[in-house]
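Colleague: Got a structure here, written out as structure tokens. Questions coming.
In full-length UniProt numbering, the protein residues as written are 1 to 1210.
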């Protein structure tokens, strides 16, 4: 299908790339962009190892430049008349410019129309160019001749977009058609004769015309500001040219197009639906040649329409309308940027539209003033489906953002854009923003100046924040862009001071840009840190304009020669067979590729689950590709003639980028030829067993791709960190016993050629700072070196992770392999082949030598920031690995190790009071202990409430309350969790020690007393706490309404009496037995009895023994305890020495009988309650030999007789 695009001027035929290499763009680094964008200046059919160059660099004047693009003059010099008009034009007179693919340009000033050639007419000179039509090499030999024409009278003001200049078939001189906004048409058969025009007046009354597009020949379509369409033909009738206007009728459907205005009257739509449509842009595409048919797309501020038009008197037909296009775009902004807000808050503007071979691209702007004043811009691709519907397909959010204010609204939405296959160039009158257009599904990391998205959901593109957008800006105040058009992938702009200019990519090494004004010299302690470097890395690594896939020699390789060569005599070499199949695939010879693949698949060993023939073959080719040396560099005296990843470029950065393109194409080959799903696993040892070290082959391949990206990242940083990287590279080669193979090579050449070993550099970098400390360098040198090392490592890791995320759909692992093998990327592996140990060493080094080694606030903040990012990478790797472990026992062990390491890594940030950084990590990795501790230390109730709500499904509230309990912060629990009553109640069920407080708050006094009494009865630790609980319980019962609760009060009184008895134990006894008298513990009644009657306390009196007897109601065996107490009292006296003449007098001084007197008085004469029978003492074994003493027997019997006579009641 022939597609031709029109951008205001004549039709533009879409080019077709003739060579297979030119159609293979769209890798991670947009490898095809160079051949698409600059093939005018690149070699055409060059030799095998020739270098591409831009021939016009030395002859053309550079107008402006950005990091990776330059804006330089193009075509002929401006005519003098045009220069004067542009220079001396009064502000009150409107001025506009336009130009076409045919080499003609025109300028409108008031009623004056100036027409001139800005380049040679392609039909006048043959030459090679884009596709089948020539687009001449830019040069500026002379100022072309200018023609001046007079436009019809119009009070509104003429526009260049309503003028077109074209050359009729068979004519030498150009013709011109101009339409005034009021609808007056003027046609010049020849621009050489201003007076030979014909007019047609007021072709559509009451409408203002906005844009004119050509359909080839002398047929045109006009659009008004309110989206009315009109066809315009210039016909030759009876020897005279006549202008034939005809309005295109709006859709006739009840709800189609303008019919919606009538529908609103019938069904009562809102008033804002009744306003006039406002035209944004109209464009056309040539769909077919026989018969010729054009599709016209009309974008209004509320809908998008598609029409089919057949020239030469054919009819037009309405294809489709999408009245929800603005809603779809609003929903995209809502989903990507403001998903937590209401979509109705978003203000949206459609700014411009351009057709491309990927679909119609719309430039839109949006702001949500309820959230922020930032205005976001996005490029959205709309696909017209075969079923006549519109689908919003790919989206790219630009990094550039505006700041909204009502006064600056016109300036904020004054953006337009042009687009070719690879790039869009968004511009206003002062700046141009190049934005890389992603291939479908390529991910967001490709887009220079933009982050891609899709309409299928996802998180906001936060990666856009803090990254500078590439911008080509005019420095002269009076200069400005008047127009932009793209013809056959060539972006052309018209500048007020410089005339026609073209955007071309820079040819120099992008790493040289570190020496420019945007450089971030991290070795300078006053420089910015990784944020600046990251912003540069985004531009330098992913700089599509600097990569030329045509430099790869794989396009020149002979697959038949490769297939017939072998490293294994008399055997079929699967490596060479698969390489040849890959080359056939690249050359689009799929039949030959499939034949070779079938041969490889027939080899034995294909069914092995580990180290199968196909897996080992694919992995060997991938490793060889990653380590291929440059093909055209004469310093490499010997190179592999079948190297798939070899480049003819002389620049290391280009060699690496082009190696990545080759690797991307190899992975695409595995997918498209259905080999990817046949891959199983490969062990690191190469032994074909189900070894623990086996990994899915796809993961090995992903590691290789990421290491190439890492090497690119290191090289892009090399110039700004050359001292430390040169030292590290030299040390890497020394440690691995590698030397440069040829005398003219440098260590850099060897290191960057072997990208599969790039991880060795990070290990050396992590050891450098410790070496500097041992060398006793100054503190400033150590700090700056540490910052520099961390910046290099983190910048490269960031790019690796971006690549990993963008290629997640490429390096997929089959479900069965995911369940069989653990998955861990090389950045998270321990040991020499991974980076985990390196990152842990950097974290330790940053903490020891960085944070604790300086008091400079600037350095400390850099160290904290680097620590946070390093910890993030470590924990992310551990978490990824943990999620792939299926053995439950191993998972439990690893989970415990992960949680322990998580706490160990994050807590130093808490100790240093870097709460925000610590919280950021703890939130991401669910370290609830750290989050609760941060809330406690900062006394931040709002944050605690937010975490309780956010982590509700993880039961965060119970964890937080338990933490407070463990930290003896019970007093804070009820206060901090008062807003979460359900969680608090659930916790208090298992923690009654605090439940009574909640019951008190709720007024449930009886229940509180019950809980307190239960707690007091279980209390074994502190006597004072038990007394407090009992007293509170008694108070609750006394204050409770309803029943008297006398039984419970009696029980509480009994417990309080027992406490009082314990408190009366003399302190000398407690000290004697080692009891804590300050924090007395709760003793059992038996223990209290033993203390009161202890032999060691010689000062015991009848009072102490009376206390012991008062405990009888509380002991389990009161009779036995009573007997023991009286026996102890008997043993305290001497029974042999007494006054024989007056024994009763001696008995009054004996403890036993004094105790009887005291008990008689205390118990109101109830001797039976306390005094055991005499026989129990006379034969008591506890008294030993005393029972045989006649004196003892006499005195006891005498005493009992006297007691019976004196005390017993009659």
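We treat Cβ as the ideally placed atom computed from N, Cα and C, and that holds for glycine.
Using a Cβ-Cβ cut-off of 8 Å (strictly less than) and excluding sequence neighbours within five positions of residue 690, which residues of its own chain qualify?
Modeller: Residue confidence for residue 690 is low, a pLDDT of 47 falling below 50, so the modelled location carries little weight; the figure read from the coordinates is stated next. So the qualifying residues of the chain are 609, 610.
Colleague: Does the structure place the segment 192-203 close enough to the segment 276-296 that three or more beta carbon pairs sit under 8 Å?
Modeller: With a cut-off of 8 Å, the segment 192-203 and the segment 276-296 do not count as touching, because too few Cβ pairs lie within range.
Colleague: Let's test the definition: count the other Cβ atoms within 10 Å of the Cβ of residue 865 and tell me whether it reaches 16, buried, or not, exposed.
Modeller: buried
Colleague: Decide yes or no for the touch test of the segment 816-829 against the segment 847-862: beta carbon pairs closer than 8 Å, at least 3 of them.
Modeller: no
Colleague: Determine the direct distance from the alpha carbon of residue 930 to that of residue 332, and round the result to whole angstroms.
Modeller: Put simply, the backbone Cα of residue 332 is about 36 Å away from that of residue 930.
Colleague: In terms of residues, what are the limits of the beta strand (DSSP E) holding residue 93?
Modeller: Unbroken run through residue 93: none, as it is neither H nor E.
Colleague: What does the alpha-carbon distance come out to for the pair residue 1182 and residue 1124?
Modeller: If I take the Cα positions, the gap works out to 8 Å.
Colleague: I need the boundaries of the beta strand (DSSP E) containing residue 718, first residue and last residue.
Modeller: According to the DSSP assignment, residue 718 belongs to no beta strand (DSSP E) but to the alpha helix (DSSP H) extending over 697-718.
Colleague: Look at the alpha carbon of residue 615 and the alpha carbon of residue 120, and state the distance between them as a whole number of angstroms.
Modeller: Residue 615 and residue 120 have their alpha carbons spaced roughly 56 Å apart.
Colleague: Leaving out the 5 sequence neighbours to the left and right, which residues in its chain are closer than 7 Å to residue 1179 when beta-carbon positions are compared?
Modeller: 1187
Colleague: Helix, strand or coil, according to DSSP, for residue 807 in the structure here?
Modeller: coil
Colleague: Which stretch, first to last residue, makes up the alpha helix (DSSP H) that contains residue 1085?
Modeller: Its alpha helix (DSSP H) spans residues 1085-1092.
Colleague: Using only CA atoms, which one of 723, 202, 812 lies nearest to residue 768?
Modeller: 723
Colleague: With DSSP as the reference, label residue 245 as helix, strand or coil.
Modeller: Look at residue 245 here: in three-state DSSP terms it is strand.
Colleague: Does the segment 337-348 come within contact of the segment 384-393, defined as at least 3 CB pairs closer than 8 Å?
Modeller: no
Colleague: Which two residues bound the contiguous beta strand (DSSP E) that contains residue 923?
Modeller: No beta strand (DSSP E) contains residue 923, which is instead part of the alpha helix (DSSP H) from 915-924.
Colleague: Within 10 Å of its beta-carbon, does residue 761 have 16 or more other beta-carbons around it, so buried, or fewer, so exposed?
Modeller: Per the 10 Å Cβ criterion, buried.
Colleague: Figure out for me which residue from 867, 856, 1062 has the closest Cα to the Cα of residue 842.
Modeller: Ranked by Cα distance from residue 842, the options 867, 856, 1062 are led by 867.
Colleague: Evaluate the contact criterion for the segment 351-360 versus the segment 407-419: three or more CB pairs, one atom per stretch, below 8 Å.
Modeller: yes
Colleague: Hey, would you say residue 146 sits closer than 8 Å to residue 97, going by beta carbons?
Modeller: no
Colleague: From which residue to which residue does the beta strand (DSSP E) around residue 187 run?
Modeller: 185-188
Colleague: Please determine if the segment 889-902 and the segment 931-949 are in contact, where contact requires at least 3 C-beta pairs separated by less than 8 Å.
Modeller: no
Colleague: Can you give the beta carbon distance from residue 1065 to residue 1093, rounded, assuming they're within the 8 Å contact cut?
Modeller: The beta-carbon distance between residue 1065 and residue 1093, rounded to whole angstroms, is 11 Å. This is too long to meet the 8 Å contact definition.
Colleague: Could you check if residue 250 belongs to the surroundings of the ligand NAP, using beta carbon to heavy atom distance under 7 Å?
Modeller: Among the ligands in the structure shown, none appear at all, so the ligand NAP cannot be discussed.
Colleague: Can you tell me whether residue 646 is buried or exposed? The criterion is at least 16 other CB atoms within 10 Å of its CB, across all chains shown.
Modeller: buried
Colleague: Can you find at least 3 beta carbon pairs, one from the segment 765-782 and one from the segment 628-643, that sit closer than 8 Å?
Modeller: no
Colleague: At the level of alpha carbons, what is the spacing between residue 1214 and residue 882?
Modeller: Residue numbering for the chain in the displayed model covers 1 to 1210; residue 1214 lies beyond these limits and cannot be assessed.
Colleague: Whether or not the segment 1056-1076 and the segment 1093-1104 are in contact is what I'm after, with contact meaning three or more pairs of Cβ atoms, one per stretch, closer than 8 Å; do they touch?
Modeller: yes
Colleague: Can you tell me where the beta strand (DSSP E) holding residue 682 begins and where it ends?
Modeller: Segment 681-683, the beta strand (DSSP E) holding residue 682.
Colleague: Short check: CB of residue 918 to CB of residue 934, under 8 Å?
Modeller: yes
Colleague: Residue 1198: buried (16+ other C-beta within 10 angstroms of its C-beta) or exposed?
Modeller: exposed
Colleague: What's the gap between the Cα of residue 445 and the Cα of residue 399?
Modeller: Bear in mind that a pLDDT of 33 at residue 445, under 50, signals an unreliable position, so the model cannot answer this.
Colleague: Taking residue 1056 and residue 1091 to be in contact with their CB atoms under 8 Å, please state how far apart those CB atoms are, rounded to whole angstroms.
Modeller: Contact doesn't hold; Cβ gap of about 19 Å is too wide.
Colleague: DSSP beta-bridge partners for residue 86?
Modeller: None; residue 86 has no bridge partner.
Colleague: Considering only the beta carbon of each residue, do residue 625 and residue 663 sit closer than 8 Å?
Modeller: yes
Colleague: Can you grab the Cα-Cα spacing for the pair residue 612 / residue 803, in whole Å?
Modeller: 28 Å
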